[in-house]
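Note sheet for the following structure.
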Ligand SMILES: [Zn+2]
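In our numbering, the protein residues as written are 493 to 695.
Next up, the structure:
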């Protein structure tokens, strides 16, 4: 095919998926043609190629930008609607580093945790985010057992996570859909999930 497709359904013929890219935060969302067609119908959108992103918003938590563009991608080897494609090596390295950081942050209250494994994990994430500030901050706080609860390690950790998400290195939290759960005894109204635990009454 030469140039842009005219209609979303054209992609089925050339065996391609759609990638919606946010021009503001660079988040990438991959969709199959069927899933995107369904979604557009739901939000009252249009499946003409040039109109696809008109009613869509960026689904990365905290962004919601409407400045999106649609790209044609060959049938993706990854599942639709995940973070942007990164190398397996980067993925494992970042996953391991973030895991180490989260463990240490979880057991940090009231303790000095400036250990060698923390330093190692911070050096790894330093390669992927362009902001040394939260890394320096976390390391400094880790070395001080007397830190007040208000200046805990969670705060710089959240910034590091956010920077990794911004760069597309880490899958961001996406806006929850259909997650409204009714918490009262009364029957749930339309569009709400029943109260948790009500299904297993007979056990
Ligand atoms: Zn965005």
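Every residue, glycine too, gets a C-beta built ideally from N, C-alpha and C.
All values derive from a computational prediction rather than experimental measurement.
Rounded to whole angstroms, residue 585 and residue 579 show a C-alpha spacing of 10 angstroms. Approximately 6 angstroms separates the beta-carbon atoms of residue 652 and residue 617; this is inside 8 angstroms, confirming the contact. When DSSP states are grouped into helix, strand and coil, residue 525 belongs to the helix group. Cβ-Cβ distances below 7 angstroms link residue 688 to 673 in the same chain, with the five nearest sequence neighbours on each side left out; the list follows chain order. The C-alpha of residue 518 is placed about 30 angstroms away from the C-alpha of residue 596. Bridge partners of residue 540 according to DSSP: 499.
Here the C-alpha atom of residue 536 lies approximately 12 angstroms from the C-alpha atom of residue 528.
Those residues whose C-beta sits under 6 angstroms from the nearest heavy atom of ligand 1 are, from N- to C-terminal order along the chain, 514, 516, 517, 519, 550, 552, 555 and 557. Counting other Cβ atoms within 10 Å of its Cβ, residue 506 stays below 16 and is therefore classed as exposed.
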